[in-house]
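Mind the numbering: the sequence shown is residues -27 to -1, 1 to 196 in mature numbering (1 follows the signal peptide of the UniProt record, and there is no 0), read in order.
Don't be surprised by glycine CBs; every beta carbon is placed ideally from N, CA and C.
As the structure is a prediction and not an experimental result, all values here were calculated from the model.
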Amino acid sequence: MFRILQHTFSLLLTVHVIYSALIPVGAEEETRECREQEYKDRFGSCRPCRQCDAGQELSKECGFGYGEDARCVPCRSSRFKEDRSLQKCKPCLDCGLINRLQKGNCSTTSNAVCGECLPGYYRKTKLSGFQDMECIPCGDPPPPYEPHCSGRVNLVPLPPVVTSPRDMALAAVICSALATVLLALLVLCVIYCKRQLLEKKPSGESQPLHICWFTICLLVFSY
C-alpha cells in the first residue's frame, strides 16, 4: 500500500514538472489584470506607463492595460509641468484673475509668478498667519492696518451716479406741469364752491356743499 502511494506521488510530481515546462513564462501575466499605471504590450504583458520629462505629458491616457501607443508630447498653451513624472500638465496661474501683478510668465516647465496686489486691492491674513492668494478691493472706507489701502490713491472708487442736464430739465418740466394741473383744479373747485354758497338752497340740500369742501381739502393736502 505504501509503495502504491509513493508511486502515485512520483507520477503527480512528474506531471507537474512537465506541465510547468510546457507553459510559457508570460502566461501567468496574460491572465493578470494590469494596474493603474500599467499598459499591456503586444505580447500581453503588463508594462509600466512611460514617464515624460518636464514640459511634456502623454498623448493619451495610460493605465489599467490601455495606453500602449501613448507617447510624450509638449504641454499645450497656458499649461506646464515642472518635473519628470506620469502627471499631466497643469493650467498656468492667471495673476489678473486674482487681482495681482505678474512678475514672471508661464512656460511649459514653470508656472507664472504673481507679485503684489494691484492698486486698490489687498490680501486678507488668516488666523494661521498665511495670506489668501486672491486680492480683494479695499473699499471705502478702507480696512484698518492694511498698508496697501492706507493711501487714497489705492482706493477703488465706486462709479458715481451722473445725472445729465437733459434728465434734470425733463424732471423740472414734469414737476411744473403737475403743479399747474393741481393749481387749476384747486381754482376750479373754489369757484364751484363759491357759486354753491351764493345760491339759496334749502336746508336739506347741503350735501353738495359738504362734497365741495371735502374736495378742496383733498386737493390742498395732496398738493
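Task: For T98: DSSP bridge partner residues - done: Under DSSP, T98 shares a beta bridge with Q104.
Task: Exposed unless 16 or more other CB atoms sit within 10 angstroms - verdict on C72 - done: According to the sequence as given, residue 72 is Asn; it is not Cys. It is buried - the Cβ of N72 has at least 16 other Cβ atoms within 10 Å.
Open item on the list: Using the Cβ count rule (16 or more neighbours within 10 Å means buried), how would you classify K63?
Closed with: Exposed.
Task: Boundaries of the beta strand (DSSP E) in which C90 is found, first to last residue - done: First-last of the beta strand (DSSP E) with C90: 86 to 90.
- [ ] Would you kindly report the start and end of the unbroken beta strand (DSSP E) that includes Q29?
- [x] According to the DSSP assignment, Q29 belongs to the beta strand (DSSP E) that extends over 29 to 31.
Open item on the list: Just to confirm before moving on: does the CB-CB distance between G28 and K54 stay below 7 Å?
Closed with: Annotated as proximal: G28 and K54, with beta-carbon spacing under 7 Å.
Open item on the list: In whole angstroms, give me the CA-to-CA distance for E2 and S32.
Closed with: Unreliable placement is indicated for E2, whose pLDDT of 45 sits below 50; no coordinate value is reported for it.
- [ ] Indicate whether G88 and K76 have their beta-carbon atoms separated by less than 7 Å.
- [x] Cβ atoms of G88 and K76: closer than 7 Å.
Task: beta strand (DSSP E) runs wholly inside the region 144 to 172, at least 3 long, in chain order - done: Segments of the beta strand (DSSP E) lying fully in the region 144 to 172: there are none.
- [ ] Flag this pair as yes or no: are the beta carbons of P116 and Y94 separated by less than 7 Å?
- [x] At the C-beta level, P116 and Y94 stay beyond 7 Å of one another.
Task: Cutoff 8 Å; reference G40; Cβ partners in own chain excluding five residues on either side - done: Here the set comprises Y12, C22, L31, K33, E34.
- [ ] Starting from Q75, follow the beta strand (DSSP E) in both directions and report where the run begins and ends.
- [x] Counting along the chain, the beta strand (DSSP E) containing Q75 begins and ends at 73 to 77.
Open item on the list: Quick check on G36: does DSSP put it in helix, strand or coil?
Closed with: Three-state DSSP puts G36 in a strand.
Task: Reduced DSSP category for C122 - H, G, I as helix; E, B as strand; rest coil - done: Three-state DSSP puts C122 in a helix.
Task: Helix, strand or coil at P21 [DSSP, three-state] - done: In this structure, P21 counts as strand in the three-state DSSP scheme.
Open item on the list: Taking DSSP's pairing of strands, which residues face F16 in a bridge?
Closed with: Residue pairing for F16: DSSP places it in no beta bridge.
Task: Exposed unless 16 or more other CB atoms sit within 10 angstroms - verdict on T153 - done: T153 should be labelled exposed.
Open item on the list: Among the candidates C122, S80, L161, whose CA atom is the shortest distance from the CA of L91?
Closed with: Cα-wise, what sits closest to L91 is C122.
Task: Distance between F103 and V146 (C-alpha atoms, nearest Å) - done: Distance between V146 and F103, taken at the CA atoms: about 59 Å.
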